[in-house]
Amino acid sequence: MTAMAGLYAGNVRAVLERGFKVIGNQNWTILVSGFFEPVFYLLAMGYGLGGMVGQVSGPNGTPMSYLSFIAPALLATSAMNGAIYDSTWNVFFKMKFARIYEAMLSTSLGPLDVAAGEIGMALFRGLLYACGFLVVMAGLGIATSWWALAMVPVALLIALGFAAVGMAVTSWFSTFQQMELINIVLLPMFMFSSTLFPIDVYPQAVQWFIQALPLWHGVELMRQLSIGAFGPMTAVHLAYFGVMSVAGVIFCALRLRALFLR
Amino acid sequence: MSVIEARGLVKSYGDLNAVDGIDFEVAAGESFGLLGPNGAGKSTTMRMIGGTSLRTAGTLTVLGMDPEVQGPDVRANLGVIPQQDNLDTELRCRENLITYGRYFGLPRAYLQQRADDLLAFAQLTEKANEKVDNLSGGMKRRLTIARGLINEPRILLLDEPTTGLDPQARHILWDRLFRLKEEGVTLVVTTHFMDEAEQLCDRLVVMDHGRIVAEGSPAQLIREHSTREVLEVRFGSDRNAAVVEQLADLAERIEVLPDRVLLYSADGEAALEHVRGRGLNPVTSLVRRSSLEDVFLRLTGRSLID
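Line by line, the protein sequences give chains A and B.
The UniProt record's numbering applies: residue 1 is where the first sequence begins, and numbers increase by one.
The UniProt record's numbering applies: residue 1 is where the second sequence begins, and numbers increase by one.
In structure tokens:
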């Protein structure tokens, strides 16, 4: 327990309050920026490409339109983007330039309060993106099962996993060049995680690699939820994000301790 | 009663001992200074007091608590003014104070009033809804100090409070700090400015290379380590060193700096007469009282600002 002494003061709320105050000052404009990317993909790919592709085979072999196939995947991506935006670039800026955390840690807050608060803000953004995307899906008539509503809490779980790991990884970075690595990892992961086409187009070895990455689990989970068709893998997907979240939060707290309690 | 007590305090980064075994005590209500050049270990000491830097060895208690174990509880009683302003530029001035108060878990209703009082104290009432980026350097500094007072701290830690400010802004700030001192707030100030140490500190330690090389009140330190007056003479940079031998017997001690020669003597004017009497006409001359700068030069052989 001594390793954690002085790390937590039970005042995550103050960090969240600050986050919402800042969002209020920016008139919420900054929030929507990252929301549109998956929406554009949905419209461009879903309608553009979807017309050429026709029907595809979804979870448990269920036939579905291409639009319905990629929409849940893009929802998972949306949750990821929201979480990553706050937990990487925003955290990087606050840590290195605005020195917000330095100020927070001269008060009675502990590093764990700060980490939990910042992850909370990332979750909020992930949630907002996911809800917005779900509304778009409903509007397009591609959220057909009541299970689709369960996509919101699952989006939060996905966001938590990415936010915690994203923040921990950001704590190692000190330059903008290093921050670009995040995009270098995220973009291919988005392209290849069976988001836009099924995973079985790849050789087996590549499939295994993709299946080790978090987004694939998020995409598969969302796709199953969108039509309410589950299988034995559902639990694996959920467990993946459970482990990722817990490990990410612990990793994050240790990194903050190393950074701010030198 | 002492509010801060350090014994054999050490902080190492790899092979370097940034703080190399220091002992000091700060009494309640006292204004205590850590004086020394950049890299002397002052800021590291400050961070250890706040519990944001872990000590390598030694003991440290702040208000009877160990800041490493009870960091949040210790900091609840501290006001920390960092060397570089770290105001929240995404919030306006008054919001900065209230939000910071929330970090201490203080109730919003209390903070509304407290923020207004502190804005008045910092002479920033008209700037309450201004963006932080639009404030001048001196205003930002005052806002940072106001923010550090939001939790009514018993101890205020000021790391280089007036570095980078113009003379007028410095005097306004000193005046504010003096008022706090009168109200009984304990001040711990690091500085490499002698005039600041003389203005603000009842007692100070002189630090160099992580060690304490002297301790006392400003007047005491000057009395012990320097003469009453100093004569500064310039002969031009190429001649300064050459004439020193001819001046040796005119002062208790002589320091040759690149641009001038310092003669330490109880009576500077008399020394200047003797210098002139020997036909050595300095380009410029100045007689002044000894300052902490001279104490530092004497103790370390170096100037404070290099």
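Using N, Cα and C, we set each Cβ at its ideal position, and we do this for glycine too.
Whole angstroms is fine: what's the gap from residue i's alpha carbon to residue j's?
i: A:MET1; j: B:GLU68; result: Confidence at A:MET1 is low in this model, with a pLDDT of 39, below 50, so its placement is unreliable and no value can be given for it.
i: B:VAL19; j: A:ALA148; result: 60 angstroms
i: B:GLY137; j: A:PHE97; result: 17 angstroms
i: B:PHE193; j: B:LEU157; result: 16 angstroms
i: B:ASP306; j: B:MET207; result: Below a pLDDT of 50, predicted positions are generally treated as unreliable, and B:ASP306, at 49, falls in that range; the measurement from the model is reported next regardless. If you take the alpha carbons of B:ASP306 and B:MET207, they lie about 15 angstroms apart.
i: B:PRO161; j: B:PRO37; result: 15 angstroms
i: B:ASN134; j: A:PHE20; result: 22 angstroms
i: B:ALA128; j: B:GLY51; result: 31 angstroms
i: A:LEU7; j: B:ILE4; result: 22 angstroms
i: B:VAL243; j: B:SER291; result: 25 angstroms
i: A:GLY46; j: A:ALA71; result: 8 angstroms
i: B:ARG179; j: B:ALA266; result: 35 angstroms
i: A:THR195; j: A:SER87; result: 23 angstroms
i: B:SER43; j: B:VAL189; result: 10 angstroms
i: A:TYR41; j: A:MET137; result: 13 angstroms
i: A:PRO188; j: A:PHE35; result: 19 angstroms
i: B:GLY148; j: A:ALA76; result: 43 angstroms
i: A:PRO59; j: A:LEU156; result: 22 angstroms
i: A:THR234; j: A:SER108; result: 42 angstroms
i: A:MET191; j: A:PHE260; result: 36 angstroms
i: A:PHE241; j: A:LEU221; result: 10 angstroms
i: A:PHE251; j: B:GLN220; result: 52 angstroms
i: B:SER237; j: B:SER226; result: 25 angstroms
i: B:THR59; j: B:ARG7; result: 5 angstroms
i: A:LEU254; j: A:GLY139; result: 43 angstroms
Could you confirm whether any beta carbon from chain B is found closer than 8 angstroms to the beta carbon of residue i?
i: A:MET64; result: no
i: A:LYS21; result: yes
i: A:GLN55; result: no
i: A:ASN90; result: no
i: A:THR195; result: no
i: A:ALA253; result: no
i: A:ILE6; result: Note on identity: in this sequence residue 6 of chain A is Gly, with Ile being the wrong assignment. At least one chain B Cβ lies under 8 angstroms of A:GLY6.
i: A:LEU125; result: The identity of residue 125 of chain A in the sequence shown is Arg, whereas the question assumes Leu. Not one chain B Cβ lies under 8 angstroms of A:ARG125.
i: A:LEU256; result: no
i: A:ALA9; result: yes
i: A:ALA14; result: yes
Less than 8 angstroms between CB atoms is the rule here; does residue i satisfy it with respect to chain A?
i: B:PRO161; result: no
i: B:GLU90; result: yes
i: B:ARG289; result: no
i: B:LEU9; result: no
i: B:VAL189; result: no
i: B:LEU54; result: yes
i: B:ALA137; result: Sequence check: residue 137 of chain B is Gly here, not Ala. Judged by the 8 angstroms Cβ criterion, B:GLY137 is not in contact with chain A.
i: B:ALA128; result: no
i: B:ASN86; result: yes
i: B:ALA57; result: no
i: B:PRO82; result: yes
i: B:ALA6; result: no
i: B:ALA76; result: yes
i: B:GLY39; result: no
i: B:GLY268; result: no
i: B:GLY277; result: no
i: B:ALA18; result: no
i: B:GLY51; result: yes
Assuming residue i and residue j are in contact, meaning their beta carbons sit under 8 angstroms apart, how far apart are those beta carbons, in whole angstroms?
i: B:ILE81; j: B:THR144; result: 6 angstroms
i: B:ARG154; j: B:LEU34; result: The pair is not a contact, with the Cβ atoms about 18 angstroms apart (cut-off 8 angstroms).
i: A:TRP216; j: A:SER193; result: 4 angstroms
i: B:GLY105; j: A:ALA14; result: 7 angstroms
i: B:LEU257; j: B:HIS274; result: So it is not a contact: roughly 20 angstroms between Cβ atoms.
i: B:LEU9; j: B:MET48; result: 7 angstroms
i: residue 278 of chain A; j: A:PHE230; result: Nothing can be reported for residue 278 of chain A: it is not among the residues displayed for chain A, which extend from 1 to 262.
i: B:PHE24; j: B:VAL205; result: 6 angstroms
i: A:LEU225; j: A:MET151; result: 5 angstroms
Quiz item: Are the stretch 258-269 of chain B and the stretch 288-300 of chain B touching, with three or more C-beta to C-beta distances below 8 angstroms?
Solution: yes
Self-check item: the stretch 89-103 of chain B touching the stretch 122-140 of chain A, judged by at least three CB pairs closer than 8 angstroms
Solution: no
Practice problem: Specify whether the stretch 103-110 of chain A and the stretch 165-183 of chain A touch according to this definition: at least 3 beta carbon pairs, one from each stretch, less than 8 angstroms apart. | Solution: no
Practice problem: Could you run through the stretch 103-123 of chain A and flag, in chain order, every residue whose CB is less than 7 angstroms away from some CB of chain B? | Solution: ALA103, MET104, LEU105, SER106, THR107, SER108, LEU109 and GLY110
Quiz item: Which residues, in chain order, does the stretch 88-120 of chain B contribute to contact with chain A at a C-beta distance below 7 angstroms?
Solution: ASP88, THR89, GLU90, LEU91, GLU95, THR99, TYR100, ARG102, TYR103, PHE104 and GLY105
Quiz item: Does the stretch 150-166 of chain A come close enough to the stretch 75-85 of chain A that 3 or more CB-CB pairs lie under 8 angstroms?
Solution: yes
Quiz item: Counting pairs of beta carbons, one from the stretch 184-198 of chain B and one from the stretch 210-217 of chain B, are three or more of them closer than 8 angstroms?
Solution: no
Quiz prompt | Contact between the stretch 191-207 of chain A and the stretch 168-177 of chain A (3+ Cβ pairs under 8 angstroms) | solution = no
Quiz item: Taking contact to mean at least 3 C-beta pairs separated by less than 8 angstroms, is the stretch 129-140 of chain A in contact with the stretch 100-109 of chain B?
Solution: no
Exercise. Check whether the stretch 72-80 of chain B touches the stretch 113-129 of chain B, taking contact to mean three or more Cβ pairs, one atom from each stretch, closer than 8 angstroms.
Key: no
Practice problem: For the stretch 216-231 of chain B, enumerate the residues whose C-beta is nearer than 8 angstroms to any C-beta of chain A, in chain order. | Solution: none
Quiz item: Are three or more beta carbon pairs between the stretch 214-233 of chain B and the stretch 275-285 of chain B nearer than 8 angstroms?
Solution: yes
Quiz prompt | Within 7 angstroms of chain A by C-beta, residues of the stretch 59-71 of chain B in sequence order | solution = GLU68, VAL69, GLN70 and GLY71
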